[in-house]
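Each protein sequence line maps, in turn, to chains P and H.
For any residue, its number in the working numbering is found by taking its place in the first sequence, counting from 1, and adding 267.
For any residue, its number in the working numbering is found by taking its place in the second sequence, counting from 1, and adding 32.
Virtual Cβ for every residue (Gly too), placed ideally from N, Cα, C.
See below for the structure under consideration.
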Amino acid sequence: MTAAVRSGADGFLARYDALRDLLPGDPRERAAAAEAFRRTGLPGASAGRREEAWKYTGLRPLADASFAQSVSPTSAHSQIRARLPQIEVPRIVFIDGMFSRELSIVPPAVHFARFAGRAEFGSIARPDGQPLVALNTMLAEDGAILEVPAGADAGLLILVSAATDRAAFHPRHVVRLAPGARLTLLDLAFGDGSYLHNPVFEVTVAADAALTHVRLQNESTSAFHLATLYAEIDERGTYDSFVLNLGSRIARTEAHARLTGENGITHLNGAQLLNGMQHADFTTVVRHQAPYCASRQTVKNVLAGRSHGVFQGRIEVARHAQKTDGYQMNQALLLSPDAEIDTKPELEIFADDVKCSHGATVGELDADQLFYLRSRGISDAEARSILVRAFLAEALDAVSNETVREVLDQAVEGWWEKQAA
Amino acid sequence: MLEIRGLSAAIEDKPILQGIDLTVPQGEVHAIMGPNGSGKSTLAYVLSGREDYAVTAGSATFDGHDLLTMEPEARATAGLFLAFQYPVELPGVGNANFLRTALNAQRRARGESELDAVQFLKLARAETKRLAMPEDMLRRNVNVGFSGGEKKRNEVLQMAILRPRLAILDETDSGLDIDALKIVADGVNALRGPDFSALIITHYQRLLDYIVPDHVHVLAGGRIARSGGPELAHELEAKGYAGMIAEAV
Ligand SMILES: Nc1ncnc2c1ncn2[C@@H]1O[C@H](COP(=O)(O)OP(=O)(O)O)[C@@H](O)[C@H]1O
Ligand SMILES: [Mg+2]
């Protein structure tokens, strides 16, 4: 049931041409996205041309990969089930981007619809100037539309993406919290083999609502994970997110948060743990467009082997966004001389009464700390792992939900076991 | 027994130790005194295996094992403990976890069974109490936000829990008030016995009123310039290092 397609941007465009009459939603949106994607192609895939936003991340390896339209066998279900966290909470599971009713436990407190049935492209993510949003808009087949009604506390919901070899999928997710609503969304992505996961998220947090969004990117180390997220936060709303990047050959988690009402809060925290030839790019844009809002970003990188971490953080403060409180910190621990970090902070401030700071540190493990641990009888390897975990723990402390924290801790533990093997 | 023969060491090509001869038999407590910069900490670090130093001559054995070729963790497992002059802060590492990891690493290496969290906490709480330390010291991150005195006491707590056979205390007394000094001395005296020896590095004679040493050595010019009984510490206090060293040459 597989049919090979051409590789690179042409491959995706050919797929669009073949599917265009079958795809859900407004065909004009699709056509406009295809037009935009045809113009730009995959960022950094062709020599000579590189957009500023893609300064440190090139998608040449993605352009060289080819994908197939697979229908994942039901036999995969038990394997996927085994990899889900053993927590009794509602979950919405996608396999190769398509909703799996068998594996899902539909939440009672959240209104859930499939993008496949109600293809809303939303109003925030636009294809222009965003090649991956264009690619997603052109080819999105399914996704989760999640709505939490006013005043409801929907507790914890898990959103899962499981992938199989050679799949390419472009989920379109919409998360809407009505005024005063609350939700903790744990987003898990994993899979086997080489595949492309290119989701777009549109998040709206209405007045007094609070979304905690924790994302564990634990894809196969041969996979591509390119996620673009847009969040709009109204007055006294909170969008509190944490991204843990562990997997993928190339990952980019790009988040745009716009604070549109007074006293809104957003946290775009995260950690990246990379080894081998892995590349992960943590890109954020925070737009303060109302007074008295606060944004926080603490991103920690642990880079081993020949891995490459990227942090690009941009804070924009509009002229009337007085009393803005913005903070950004990127720290990298290089565990090998061949590991690399690129950091690009950008502050664009038009208001005069604001507090904005950013900082970055790059270092190796501290020799005095290592010696102190070893002088107590702790082996060199264990001492190193203690210090790296301590460095990470400070980042993970931003995740206050204990159940979710446990899932992240286990994933980090699994990462260590994989490195030791 | 610790035996140091003709030990010379340099840092960044600068010779610091220039032929140290020193023997500390099992069961004895020796003090090393000396002016600032004379190489006391260098000796402590070289014995415990810090990498920055180059050993240029001589030997150091502990119970016949060549210390200088062993990894720092192997020296610790063999029973060596260094109380640091400047204890290191470990943000993000809980003190109790750190101590348990260290104790279990040593027990494992010696083929002994590991302590589980409950067994360990019982032991750690008892030692904390015996040393009159606040129990929340175990819950805090290692040395982070500790006062100077708390850091020194935390070194003594580690020593009490790890129960070394040879303890090197590098100026554990400096900056301590008299109560804290007594706690440190109690910690050492509690371990004293036929199977424990110690090298007490100090700048002042004061600590030696509470931990009475079997021998006192004066380190100057990169060597042991004088050795004697406890009375040497008093003489030093009276004459000062300059007078003593002038007499020695
Ligand atoms: N890391 C270092 N780099 C260069 N010189 C050092 C270093 N550590 C110590 N020294 C020098 O070595 C000498 C001995 O220092 P140290 O062993 O700390 O003396 P003490 O503990 O007796 O005060 C001093 O002259 C000191 O300046
Ligand atoms: Mg010293």
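What residues in its chain sit with their C-beta under 8 angstroms from that of residue i, if we drop five residues either side in the sequence?
{"i": "H:Thr160", "result": "Pro166, Glu167, Met169, Leu170, Leu189"}
{"i": "P:Asp676", "result": "Leu663"}
{"i": "P:Ala490", "result": "Ala430, Gly458, Gly460, Ser461, Tyr462, Leu463, His464, Gly514, Ser515, Arg516"}
So, under 8 angstroms CB-CB, residue i and residue j are touching, yes? Tell me the CB distance rounded to an integer number of Å.
{"i": "P:Gln484", "j": "P:Val510", "result": "7 angstroms"}
{"i": "P:Lys567", "j": "P:Leu659", "result": "6 angstroms"}
{"i": "P:Pro438", "j": "P:Ala303", "result": "The Cβ separation is near 19 angstroms, so there is no contact."}
{"i": "P:His546", "j": "P:Ser508", "result": "Wrong, their Cβ atoms sit about 21 angstroms apart, outside the cutoff."}
{"i": "P:Glu615", "j": "P:Glu583", "result": "5 angstroms"}
{"i": "H:Leu131", "j": "H:Ala156", "result": "6 angstroms"}
{"i": "P:Phe436", "j": "P:Ile412", "result": "Contact flag wrong, Cβ pair sits at about 17 angstroms."}
According to the neighbour-count rule (16 or more other Cβ atoms, all chains shown, within 10 Å of its Cβ), is residue i buried or exposed?
{"i": "P:Glu355", "result": "exposed"}
{"i": "H:Ala110", "result": "buried"}
{"i": "P:Arg350", "result": "exposed"}
{"i": "P:Asp409", "result": "buried"}
{"i": "P:Phe261", "result": "With chain P running from 268 to 688 in the structure shown, residue 261 of chain P is simply not present."}
{"i": "P:Asn641", "result": "Before going on, a small fix: residue 641 of chain P reads as Arg here, not Asn. So P:Arg641 counts as buried."}
{"i": "P:Ala599", "result": "buried"}
{"i": "H:Glu203", "result": "buried"}
{"i": "P:Ile517", "result": "buried"}
{"i": "P:Thr269", "result": "For P:Thr269, the predicted model reports a pLDDT of 43, less than 50, meaning its position is unreliable and no value from the coordinates is stated."}
{"i": "P:His492", "result": "buried"}
{"i": "P:Ile372", "result": "exposed"}
{"i": "P:Glu486", "result": "buried"}
{"i": "P:Leu289", "result": "exposed"}
{"i": "H:Lys183", "result": "buried"}
{"i": "P:Arg631", "result": "The residue you asked about is not Arg; residue 631 of chain P is Glu in the sequence shown. Per the 10 Å Cβ criterion, exposed."}
{"i": "P:Trp321", "result": "buried"}
{"i": "P:Thr451", "result": "buried"}
{"i": "P:His555", "result": "buried"}
{"i": "H:Ser80", "result": "buried"}
{"i": "P:Arg503", "result": "buried"}
In chain order, what residues of the same chain have a beta carbon less than 7 angstroms from the beta carbon of residue i, not counting five sequence neighbours either side?
{"i": "P:Asp501", "result": "Val472, Ala473, Ala474, Thr527, Gly528, Gly531"}
{"i": "P:Ile391", "result": "Glu469, Tyr497, Glu499"}
{"i": "H:Arg37", "result": "Asp53, Gly90, Ser91"}
Go ahead and pull the three-state DSSP assignment for residue i.
{"i": "H:Val244", "result": "coil"}
{"i": "P:Arg641", "result": "helix"}
{"i": "H:Asn173", "result": "strand"}
{"i": "H:His266", "result": "helix"}
{"i": "H:Gly180", "result": "helix"}
{"i": "P:Arg482", "result": "strand"}
{"i": "P:Asn512", "result": "strand"}
{"i": "P:Gln579", "result": "strand"}
{"i": "P:Ser652", "result": "helix"}
{"i": "P:His344", "result": "helix"}
{"i": "H:Met65", "result": "strand"}
{"i": "H:Gln138", "result": "helix"}
{"i": "P:Lys622", "result": "strand"}
{"i": "P:Pro612", "result": "strand"}
{"i": "P:Arg358", "result": "strand"}
{"i": "H:Pro123", "result": "strand"}
{"i": "P:Glu232", "result": "There is no way to answer for residue 232 of chain P, as the model of chain P reaches only from 268 to 688."}
{"i": "H:Tyr273", "result": "helix"}
Going by beta carbon distance, what residues of the same chain come within less than 6 angstroms of residue i, once the five residues before and after it are set aside?
{"i": "H:Ser40", "result": "Leu49, Gln50, Gly51, Thr88, Ala89, Gly90"}
{"i": "P:Gly498", "result": "According to the sequence as given, residue 498 of chain P is Ala; it is not Gly. Same-chain partners within the cutoff: Val470, Tyr506, Ala524."}
{"i": "H:Glu269", "result": "Gln237"}
{"i": "P:Gly580", "result": "Thr551, Gln564, Gln595, Pro612"}
{"i": "P:Asp592", "result": "Ala561, Lys622"}
{"i": "P:Arg327", "result": "Ala312"}
{"i": "P:Thr495", "result": "Leu399, Val400, Val467, Glu521"}
{"i": "H:Ala217", "result": "Tyr242, Ile243"}
{"i": "H:Val176", "result": "Glu121, Pro123"}
{"i": "P:Met365", "result": "Asp409"}
query: Do the segment 61 to 70 of chain H and the segment 85 to 95 of chain H make contact, defined as three or more Cβ pairs closer than 8 angstroms?
result: Touching, no.
- prompt: Using 8 angstroms as the threshold, is the segment 568 to 587 of chain P in touch with the segment 538 to 556 of chain P, meaning 3 or more CB pairs across them?
  reply: Between the segment 568 to 587 of chain P and the segment 538 to 556 of chain P, the count of C-beta pairs closer than 8 angstroms reaches three or more; the two stretches touch.
message: Measuring CB atoms only, is the segment 73 to 89 of chain H touching the segment 238 to 246 of chain H, in the sense that at least three cross pairs come out at less than 8 angstroms?
response: Segments in contact, no.
query: Quick check: the segment 308 to 325 of chain P against the segment 415 to 433 of chain P, are there 3 or more CB pairs under 8 angstroms?
result: No, they do not touch.
Three CB pairs or more closer than 8 angstroms across the segment 620 to 638 of chain P and the segment 660 to 668 of chain P: Taking 8 angstroms as the limit for Cβ pairs, the verdict is that the segment 660 to 668 of chain P does not touch the segment 620 to 638 of chain P.
query: With a cut-off of 8 angstroms, do at least 3 Cβ pairs link the segment 49 to 62 of chain H to the segment 107 to 123 of chain H?
result: Because the criterion of three Cβ pairs below 8 angstroms is not met, the segment 49 to 62 of chain H and the segment 107 to 123 of chain H do not touch.
query: Pairing CB atoms from the segment 201 to 214 of chain H with CB atoms from the segment 138 to 158 of chain H, are three or more of them under 8 angstroms?
result: These segments do not touch.
message: Below 8 angstroms, how does it come out for the segment 643 to 659 of chain P and the segment 120 to 138 of chain H: are there three or more Cβ pairs, yes or no?
response: Yes, the segment 643 to 659 of chain P is in contact with the segment 120 to 138 of chain H.
Three CB pairs or more closer than 8 angstroms across the segment 380 to 391 of chain P and the segment 444 to 462 of chain P: Counting Cβ pairs under 8 angstroms, fewer than three are found: no touch.
- prompt: Does the segment 358 to 377 of chain P come close enough to the segment 396 to 405 of chain P that 3 or more CB-CB pairs lie under 8 angstroms?
  reply: No, they do not touch.
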